[in-house]
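Residue numbers (full-length UniProt numbering): 1 to 142.
Structure (structure tokens):
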């Protein structure tokens, strides 16, 4: 019996579709928060398919935001908190650890709260590992 390789690299078409999906999720997330996206800063946005994408998006109110989406909670912050996509993922990592800590400190009443806190910690650690990998950020401004 022939064994199939389940860790094949995604095709360019699959990556492009994933990129469109994460961008759409990012726009929907902002819209759900009352922020209407106007344009995206392509050159400042980064993605690492199939893990996460960090989009820098300008809204109709003139403010810019970093939005993260992918195999993690979709979240956003004002762009003023991070100069680059790399700095933005570090910011999300720290914020998620703090948010998980707040959930635990407030007293877990339901399993879903504990599950979400654990998810935040897990994804925060994973994001920080990506932040630390210099080879992923060779095109990032210093």
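All C-beta atoms in this analysis are idealised placements derived from N, C-alpha and C, irrespective of residue type, glycine included.
Check whether the Cβ atoms of residue 72 and residue 94 sit closer than 7 Å, and answer yes or no.
Translated into the one-based positions of the chain shown, residue 72 becomes position 72. Translated into the one-based positions of the chain shown, residue 94 becomes position 94. Pairing residue 72 with residue 94 gives a Cβ-Cβ distance that is not under 7 Å.
Using DSSP's beta-bridge definition, name the partner residues of residue 48.
To locate residue 48, count along the chain shown from 1; it is residue 48. In DSSP, residue 48 forms a bridge with 52.
For the segment 75-83 against the segment 108-120, do three or more pairs of beta-carbon atoms, one drawn from each stretch, fall closer than 8 Å, so that the two count as touching?
A contact is defined here as three or more CB-CB pairs under 8 Å, and the segment 75-83 fails this definition with respect to the segment 108-120.
Assuming residue 24 and residue 85 are in contact, meaning their beta carbons sit under 8 Å apart, how far apart are those beta carbons, in whole angstroms?
On the chain shown, position 24 is the one that residue 24 refers to. On the chain shown, position 85 is the one that residue 85 refers to. Actually they are not in contact, since the Cβ atoms of residue 24 and residue 85 sit about 19 Å apart, beyond 8 Å.
Which two residues bound the contiguous alpha helix (DSSP H) that contains residue 132?
Against the chain shown, residue 132 aligns to sequence position 132. Its alpha helix (DSSP H) spans residues 111-132.
Top-ranked residue by Cα proximity to residue 49, from 134, 21, 133
For the purposes of this step, residue 49 is identified with residue 49 of the chain shown, where counting begins at 1. Minimum Cα distance to residue 49 is reached at 21.
Report, in whole angstroms, the separation of the C-beta atoms of residue 66 and residue 100, which I expect to be a contact under 8 Å.
Looking up residue 66 in the chain shown gives position 66. Looking up residue 100 in the chain shown gives position 100. A Cβ-Cβ separation of about 20 Å leaves residue 66 out of contact with residue 100 under the 8 Å criterion.
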